[in-house]
């Protein structure tokens, strides 16, 4: 059984960061829409690139994962 801890100082920090304004352009490269900071219920990190709808659904159902960080794995693949 996995017991998850809720850390109040993390919640306070994330609530402050939610109002952070991010730049849409860096030098001459611009995003098509303004970026925004989004607070998720539970984020997880995957050691693989998760390009499988069934596996993402499993992570959501089993661990209530609302966001999967997989960019680290994607960079390692390149």
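In our numbering, the protein residues as written are 0 to 77.
Where is the CB? At the ideal position from N, CA and C, for every residue including glycine.
{"Check": "Cutoff 8 angstroms; reference residue 23; Cβ partners in own chain excluding five residues on either side", "Outcome": "29, 30, 32, 33 and 34"}
{"Check": "Terminal residues of the beta strand (DSSP E) in which residue 66 lies", "Outcome": "66 to 68"}
{"Check": "C-alpha distance - residue 43 paired with residue 51, whole-angstrom precision", "Outcome": "15 angstroms"}
{"Check": "Beta-carbon proximity check, residue 39 vs residue 21, cutoff 8 angstroms", "Outcome": "no"}
{"Check": "Candidates 27, 25 and 46, of which the one nearest residue 70 by Cα", "Outcome": "46"}
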